[in-house]
Amino acid sequence: RAYGATLRTLALEGVGAFYRGPIAADIVRAVRSHPKPGDLSEEDLAGYRALEREPVCGPYRQWRLCSMGPPSAGGVAVLQILGLLERAGFERAAPDSAAAVHLFAEAGRLAYADRARYLGDPDFVPVPVRKLLAGKYLDRRARLIGERAMREAAPGDTEANGTSHFSIADAQGNVVAMSSTIESPFGSRIMVRGFLLNNQLTDFDFIPASVNEVRPRKRPRSSMAPAMVFERGGRLRMALGSPGGPWIINYVAKTLVAALDWGRDIQAAIEVPNFGSRNGPALLEQGSSYESLAGSLRRRGHEVETAPLVSGLHGIERVPGGWRGGADPRREGTVLGR
């Protein structure tokens, strides 16, 4: 009931009612009266602005992929992984094979190394998006991928789980791929007027001089990667995304290669076991058929671990006469249409 009243107020009075007035006062009161009180003020809320930023886009084989730009690292990292796979001969690796997982994990290590070094809030630090996605740069990085695992990648030289996602298409041809987060499950665990406050500040690095260090009015780095895939003529083919914290990048990239390279429909692509690396061990989804690839990966030099890897992928793809949806059985997702 409280949340419904909040939504009704916003519908009638507009978004300004959230950042100024009684709702804002209640948010500040809840934060300051917590047993571990914060310093949030009504002036902080009144001064906040949601920013519209340009997407990051790049090619993958015959498609064009667009996703979220910084301060989210997700779109850049997904595009890097795909660009590296294209250059590393991923198409020659059999689907669901140790060779495919090896190449994917190596590309992930390289992308996550660059993520840690370069990606933050572009209003506070220079983020070299064009250089990170440049063909010559990806050529150089892809040459680091060999038959043996590199274990841990260094960033390149550019000079040389409380998250939700939905994908929607309507009868007028509009399509939305939206990821939203309050960071941890239940966020800060502080509820105001029927909604939970986030604890997104934990996405900052508490390391001085990091591109993602804490600063006033700075936005923390994210891994959200809502993605849209376009055909050569510009027609939208697919939209998808996932929750999953820093693993979002691998979840989205895995689903894209399963759909675009391996020819799976959107539901089957989502259901492919999760795998990859965040510049550490190669991880395979616990309890999945991919656990059988561990021995072959170790022979290639990988340190291999298994983990739950609970994605929440949701996507839609164009089919003759309309759209087909896919929802992740690992979480409580669903597909609806009319």
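The opening position of the sequence shown corresponds to residue 305 in our numbering, with each subsequent residue numbered one higher. C-beta: ideal position from N, C-alpha, C; glycine also. Quick caveat: nothing in here was measured; it's all calculated off a predicted structure.
Residues of its chain near Trp627, where Cβ-Cβ distance is below 8 Å and the 5 sequence neighbours each way are ignored: If you number the sequence shown from 1, residue 627 lands on position 323. Excluding positions up to five away in sequence, the list reads Ala473, Ile620, Glu621 and Gly641.
Simplified DSSP assignment, three categories, for Tyr352: Against the sequence shown, residue 352 aligns to sequence position 48. Three-state DSSP puts Tyr352 in coil, outside helix and strand.
Distance CB(Tyr293)-CB(Leu386) smaller than 7 Å: In the structure as shown, the chain begins at 305 and stops at 642. Residue 293 is therefore absent and cannot be evaluated.
Residues that DSSP places opposite Gly626 in a beta bridge: Numbered from 1 along the sequence shown, position 322 holds the residue referred to as residue 626. DSSP output for Gly626 lists Val623 as bridge partner(s).
Separation of Phe470 from Ala394, as counted between CA atoms: As a working mapping, residue 394 is identified with position 90 in the sequence shown. As a working mapping, residue 470 is identified with position 166 in the sequence shown. Residue 394 is actually Phe in this sequence, not Ala. Distance between the alpha carbons of Phe394 and Phe470: 29 Å.
Range covered by the beta strand (DSSP E) that runs through His406: If you number the sequence shown from 1, residue 406 lands on position 102. Element bounds for His406: not the beta strand (DSSP E) but the alpha helix (DSSP H), Ala402 to Tyr422.
Option in Arg357, Pro359, Asp330 and Leu355 with minimal Cα separation from Ser345: On the sequence shown, residue 345 is found 41 positions in, with the first residue counted as 1. If we check each option's Cα against that of Ser345, Asp330 comes out closest.
3-residue-minimum beta strand (DSSP E) runs that sit fully inside the segment 312-371, ordered along the chain: 360-364 and 367-371
Other residues of its chain near Ala481: CB distance less than 6 Å, five sequence neighbours each side excluded: As a working note, residue 481 is residue 177 in the sequence shown. Result list for Ala481: Ser471, Pro530, Met532, Ala543 and Gly545, in chain order.
Cβ pair count under 8 Å reaching 3, the segment 369-384 against the segment 514-529: yes
Own chain residues within Cβ distance below 7 Å of Ala321, not counting five before or after: Working through the sequence shown from its first residue, we reach residue 321 at position 17. Cβ neighbours of Ala321 beyond the five flanking positions: Thr313, Leu314 and Ile327.
C-alpha gap between Arg536 and Trp367, whole angstroms: Position 232 of the sequence shown holds residue 536. Position 63 of the sequence shown holds residue 367. Taking the straight line from one Cα to the other gives about 6 Å.
Residue span of the alpha helix (DSSP H) that contains Arg539, given as start and end: Within the sequence shown, residue 539 is the residue found at index 235, counting from 1. Premise fails: Arg539 is in no alpha helix (DSSP H) and is neither H nor E.
Selected residue, minimal CA-CA separation from Thr467, among Arg419, Gln504 and Arg434: Along the sequence shown, one-based indexing puts residue 467 at 163. When only C-alpha atoms are compared, the closest one is Gln504.
Proximal residues to Pro426 (C-beta, below 6 Å), its chain only, five neighbours per side dropped: Here residue 426 refers to the residue found at position 122 when the sequence shown is read from its first residue. If we look at Pro426 and ignore the five residues flanking it on each side, its Cβ neighbours are Pro374.
Completely contained beta strand (DSSP E) runs for the segment 579-603, where each covers 3 or more residues: 586-589
Contact between the segment 556-575 and the segment 394-410 (3+ Cβ pairs under 8 Å): yes
Residue from Ser337, Gly477, Pro459 and Val332 whose Cα sits closest to the Cα of Asp350: Walking along the sequence shown from the start, residue 350 turns up at place 46. As written in the sequence, residue 350 is Ala, which differs from the Asp given in the question. Ala350 has its Cα closest to that of Val332, out of Ser337, Gly477, Pro459 and Val332.
CB of Gly580 within 7 Å of CB of Gly424, strictly: As a first step, residue 580 must be located in the sequence shown, where it is residue number 276. As a first step, residue 424 must be located in the sequence shown, where it is residue number 120. No, these two residues do not count as a Cβ contact at 7 Å.
Cβ contact (3+ pairs, closer than 8 Å) linking the segment 404-419 and the segment 581-590: yes
Exposure of Pro512, with buried meaning 16 or more beta-carbon neighbours within 10 Å: Taking the sequence shown and counting its residues from 1, one reaches residue 512 at position 208. The residue is exposed, with fewer than 16 neighbouring Cβ atoms inside 10 Å.
Exposure of Tyr352, with buried meaning 16 or more beta-carbon neighbours within 10 Å: Here residue 352 refers to the residue found at position 48 of the sequence shown. Exposed, by the Cβ-count rule.
Identity of the residue in Gly460, Val614, Gln571 and Leu501 nearest Asn554 by Cα: Stepping through the sequence shown from its first residue, residue 554 is reached at position 250. The residue with the shortest Cα to Cα distance from Asn554 is Val614.
Where Tyr307 falls, given that 16 or more other Cβ within 10 Å makes a residue buried: As a working mapping, residue 307 is identified with position 3 in the sequence shown. It counts as exposed.
Any non-hydrogen atom of the ligand MN within 6 Å of Gly373 CB: In the structure shown, the ligand MN is absent, as is every other ligand, since no ligand is present at all.
7 Å Cβ cutoff met for Val479 and Val360: Locating residue 479 in the sequence shown gives position 175, counting from the first residue. Locating residue 360 in the sequence shown gives position 56, counting from the first residue. No.
Range covered by the beta strand (DSSP E) that runs through Val639: Position 335 of the sequence shown holds residue 639. Careful: Val639 lies outside any beta strand (DSSP E) and carries neither H nor E.
Three-state class that DSSP yields for Gly491 in the structure shown: Position 187 of the sequence shown, counted from the start, is the residue given in the question as residue 491. Coil.
Of the listed residues Trp551, Gly591 and Gln571, nearest to Gly630 (C-alpha basis): Mapped onto the sequence shown, residue 630 falls at position 326. The option with the nearest alpha carbon to Gly630 is Gln571.
Contact set for Val518: own chain, Cβ-Cβ below 7 Å, skip 5 residues either direction: For the purposes of this step, residue 518 is taken as residue 214 along the sequence shown, with counting starting at 1. Cβ within range, chain order: Phe508 and Phe510.
Ala392 beta carbon less than 7 Å from that of Arg604: Sequence index remark: in the sequence shown, residue 604 carries index 300 (1-based). Sequence index remark: in the sequence shown, residue 392 carries index 88 (1-based). Not closer than 7 Å, so no.
Burial state of Arg445, where buried means 16 or more other Cβ atoms lie within 10 Å: As a first step, residue 445 is located in the sequence shown; it is residue number 141 there, counting from the start. When all chains shown are included, Arg445 counts as buried.
Unbroken alpha helix (DSSP H) run spanning Thr559, endpoints: As a working note, residue 559 is residue 255 in the sequence shown. Where Thr559 is concerned, the enclosing alpha helix (DSSP H) stretches over Ile552 to Leu564.
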